[in-house]
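Colleague: Have a look at this one before I ask anything.
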Amino acid sequence: MIRWGILGCGRIAGKFASDLKLAENAVLVACGARNEASADAFAKAFNIKNKHYSYEALVKDNEVDVIYIATPHSHHYEHTLLCINNGKAVLCEKAFAINYKQAKEMIDAAREKKVFLMEAVWTKFLPPFSRVKQMIGEGMIGDIKSLLVNFGFKAPPDAPQRLLDPALGGGTILDIGIYNVFAALFFLGKPDVITATAILTKDNTDAQCAVTFKYNDGKLAQLFSTFLSDCSTEADICGSNGRIRLTSRYYTPFATIEYYPGRMDTKQIIDIGKPEEGFGYQYEARHVGECLEKGLTESPVMPHADSLLLMETLDAIRKKAGIIYASD
Ligand SMILES: NC(=O)c1ccc[n+]([C@@H]2O[C@H](COP(=O)([O-])OP(=O)(O)OC[C@H]3O[C@@H](n4cnc5c(N)ncnc54)[C@H](OP(=O)(O)O)[C@@H]3O)[C@@H](O)[C@H]2O)c1
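Here this note's numbering is used: position 123 in the sequence shown is 124, and no number is missing along the way.
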């Protein structure tokens, strides 16, 4: 069994903790928070043996093999280095870092210390995305011509501070737009030309962002993210001989795959079986466990190069759209 610790006891940490029970090779043994109240409540909620009242204490816990970092993006760099420098394997939430420079340093540190490090792009481990990739590979829609993908919701007045606070890496692009960018890189590859424009808040984070990727072989991707209105969170992949639609929420295990073959409007639903119970974070957790059992320091499914490309692309989008963080 791989022994997990969780660093930062917020919202996603709770979902991940709950899903760890569904990963057969995982056991959650420790959590660490900035204060006693948070660690106490989390340890009680998930029946965790070792609770720590600082992140520094968590990374020194000898009973922990791997740490899941669930703090705001602004802190992933610092917390990943803290884990790596204490010899702990890391699964770090997205966005992996604020920028490419931070991501590169995190990866360099992991390689130097020979410690496992992976970005928690959970979507890559989920059945809908894998199946769509397979369908494209089998030529079911011919040559891809375009990708149209949206991710948006109207942020409620009591939205978490990290959504728009620049000090916490706020804005749509690193929080939800990242899934659109990931989808384009996953299905279409690295773009040749990037354009982007954003509606900025008074704090210079983006409240909404529109991005296009152009490929020299004739493909286009249109990616939209917003915190200002509810919009469909779906992805259409359009080819020379058909279309595939991942329905809302396209990046989760609960998306349905609609297939429109040829020039037909008649849709077929692709059967990928029922999603497992839980939120869907057990797929990536299981994979990390398997990597550690094999002694790997890098995932073959979500390798370091993919995190660097994702971060480099996000940097390029932010540059075009004028989204700047202090750590840039
Ligand atoms: N994969 C997914 O589906 C998914 C979904 C949602 C979020 N995420 C990612 O997960 C990360 C955390 O998101 P979340 O929604 O869980 O955030 P959250 O509820 O605000 O929790 C973040 C936790 O980080 C800790 N923290 C450390 N320094 C902090 C600071 N300066 N300000 C605020 N919190 C700080 C706190 O834990 P303690 O006080 O307990 O130490 C806090 O509870 C983000 O990077 C986000 O992009 C991923």
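All C-beta atoms in this analysis are idealised placements derived from N, C-alpha and C, irrespective of residue type, glycine included.
What three-state label does DSSP hand Thr-227 in the structure shown?
Modeller: Here residue 227 refers to the residue found at position 226 of the sequence shown. In the structure shown, Thr-227 sits in a strand (DSSP, three-state: E or B).
Colleague: Determine the direct distance from the alpha carbon of Thr-267 to that of Gly-6, and round the result to whole angstroms.
Modeller: In the sequence shown, residue 6 corresponds to position 5, counting from 1. In the sequence shown, residue 267 corresponds to position 266, counting from 1. Each residue's Cα considered, the two are about 48 angstroms apart.
Colleague: Quick check: does the Cβ of Ile-99 come within less than 7 angstroms of any heavy atom belonging to ligand 1?
Modeller: Counting from one through the sequence shown, the residue named residue 99 turns up at place 98. The answer is no for Ile-99.
Colleague: Using only the heavy atoms of ligand 1, determine whether one of them is closer than 7 angstroms to the beta carbon of Gly-171.
Modeller: The sequence position of residue 171 within the sequence shown is 170, counting from 1. No; taking the cut-off as 7 angstroms, the Cβ of Gly-171 has no heavy atom of ligand 1 nearer than that.
Colleague: Which full runs of the alpha helix (DSSP H) of 4+ residues lie inside the region 175-244, going along the chain?
Modeller: For the region 175-244, whole alpha helix (DSSP H) runs of length 4 or above, ordered along the chain, are 179-189.
Colleague: Here's a check: name, in chain order, each residue in its chain whose Cβ is nearer than 8 angstroms to the Cβ of Val-133, leaving out the five neighbours to either side.
Modeller: Counting from one through the sequence shown, the residue named residue 133 turns up at place 132. Around Val-133: Phe-188, Ile-238, Ile-245, Leu-247 and Ile-258.
Colleague: Alpha carbons only, please: which of His-74, Ala-44, Ile-325 and Thr-213 is nearest the one belonging to Asp-207?
Modeller: Along the sequence shown, read from residue 1 onward, the residue named residue 207 stands at position 206. Comparing Cα positions, the closest option is Ile-325.
Colleague: Could you give the uninterrupted runs of the alpha helix (DSSP H) lying entirely in the region 36-113, keeping only those of 4 residues or more?
Modeller: Fully enclosed alpha helix (DSSP H) runs of 4 or longer: 37-47, 56-60 and 77-86.
Colleague: Tell me where the alpha helix (DSSP H) around Lys-16 begins and ends.
Modeller: As a first step, residue 16 must be located in the sequence shown, where it is residue number 15. It spans 12-21 - the alpha helix (DSSP H) in which Lys-16 sits, taken as one unbroken run.
Colleague: Going by CA-CA distance only, name the one from Cys-232, Thr-202, Lys-203 and Ile-195 that's closest to Phe-214.
Modeller: By 1-based counting over the sequence shown, the position of residue 214 is 213. Among Cys-232, Thr-202, Lys-203 and Ile-195, the Cα nearest to that of Phe-214 belongs to Ile-195.
Colleague: Under the assumption that Arg-287 contacts Asn-26 (Cβ atoms under 8 angstroms), give the Cβ distance between them as a whole number of angstroms.
Modeller: Taking the sequence shown and counting its residues from 1, the one referred to as residue 287 is at position 286. Taking the sequence shown and counting its residues from 1, the one referred to as residue 26 is at position 25. Confirmed, Cβ separation roughly 6 angstroms.
Colleague: Between the region 80-99 and the region 268-280, are three or more C-beta pairs nearer than 8 angstroms?
Modeller: No: fewer than three Cβ pairs fall under 8 angstroms.
Colleague: I need the straight-line Cα distance from Ser-19 to Thr-198, nearest angstrom please.
Modeller: Numbered from 1 along the sequence shown, position 18 holds the residue referred to as residue 19. Numbered from 1 along the sequence shown, position 197 holds the residue referred to as residue 198. For Ser-19 and Thr-198, the distance between alpha carbons rounds to 38 angstroms.
Colleague: Under a three-way DSSP split, which group does Glu-312 fall into?
Modeller: Walking along the sequence shown from the start, residue 312 turns up at place 311. It is Met, not Glu, that sits at residue 312 in the sequence shown. Three-state DSSP puts Met-312 in a helix.
Colleague: Spatial neighbours of Ser-249 within its chain, please: CB distance less than 8 angstroms, with the 5 preceding and 5 following residues excluded, ordered by chain position.
Modeller: What you label residue 249 is simply residue 248 of the sequence shown in a count that begins at 1. Closer than 8 angstroms at the Cβ level, and outside the excluded window around Ser-249, lie Ser-233, Thr-234, Glu-235 and Ala-256.
Colleague: Examine ligand 1 and report whether any of its heavy atoms sits within less than 7 angstroms of the Cβ of Lys-95.
Modeller: Your numbering for residue 95 matches position 94 in the sequence shown. Yes - ligand 1 has a heavy atom lying nearer than 7 angstroms to the Cβ of Lys-95.
Colleague: Measure from the alpha carbon of Tyr-56 to the alpha carbon of each residue in Asn-86, Leu-8 and Ile-137, then state which is nearest.
Modeller: Locating residue 56 in the sequence shown gives position 55, where the first residue counts as 1. Taking only the C-alpha atoms, the option nearest Tyr-56 is Leu-8.
Colleague: Lys-125 and Met-303: beta carbons closer than 8 angstroms?
Modeller: Taking the first residue of the sequence shown as position 1, residue 125 is located at position 124. Taking the first residue of the sequence shown as position 1, residue 303 is located at position 302. In contact: Lys-125 and Met-303 (Cβ atoms closer than 8 angstroms).
Colleague: Pull up the distance between the alpha-carbon of Gly-290 and that of Asn-87, whole angstroms please.
Modeller: Position 289 of the sequence shown holds residue 290. Position 86 of the sequence shown holds residue 87. If I take the Cα positions, the gap works out to 19 angstroms.
Colleague: In terms of residue numbering, what span does the beta strand (DSSP E) encompassing Lys-146 cover?
Modeller: Start at 1 with the first residue of the sequence shown, and residue 146 comes out as number 145. It spans 145-153 - the beta strand (DSSP E) in which Lys-146 sits, taken as one unbroken run.
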